[in-house]
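Written out below as structure tokens is the structure these notes cover.
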Amino acid sequence: MQDEGAQYLADALRTNRTLTTLNLGYNGIGNRGAQHLAGALRNNNTLTTLNLGYNRIGNLGAQYLAGALQNNT
């Protein structure tokens with residue numbers, strides 16, 4: 000999937016109202032992909048479980064995700 004695929008998935012998550020669990024482990028997602036996902040998670044109240052284990056997300060990507068979750072409405 001990598002970062003480009005994460006962007007497409009993030010676009011879908013922005014309008015998601017049914018998916019509650021998503022496993023994205025082992026998909027080669029990096030900081031850029033994490034940034035895309037963070038943008039989608041900011042306003043997504045439906046997704047309650049997200050596995051991003053074993054990707055290439057570094058400190059910067061983790062900061063994007065943490066910021067999104069802090070501001071999740």
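Per numbering that gives the first Met the number 0, the sequence shown starts with residue 0, numbered consecutively. We put the beta carbon where it would ideally sit given N, CA and C, even for glycine. None of these values were measured; they are calculated from a predicted model.
Here Leu46 has Leu12, Asn15, Leu18, Thr19, Thr20, Leu21, Leu40 as same chain residues with Cβ atoms under 8 Å from its own Cβ, once five neighbours each way along the sequence are excluded. Unbroken alpha helix (DSSP H) runs of no fewer than 4 residues, entirely contained in the segment 24–69, are found at 30–40, 58–69, following chain order. Between the beta-carbon of Asn30 and that of Gln1 there is about 12 Å, and that puts the pair past the 8 Å contact cut. Taken through DSSP and simplified to helix, strand or coil, Leu21 comes out as strand. Ranked by how close their Cα comes to the Cα of Ile56, the residues Gly24, Ile28, Ala65, Tyr7 have Ile28 in first place.
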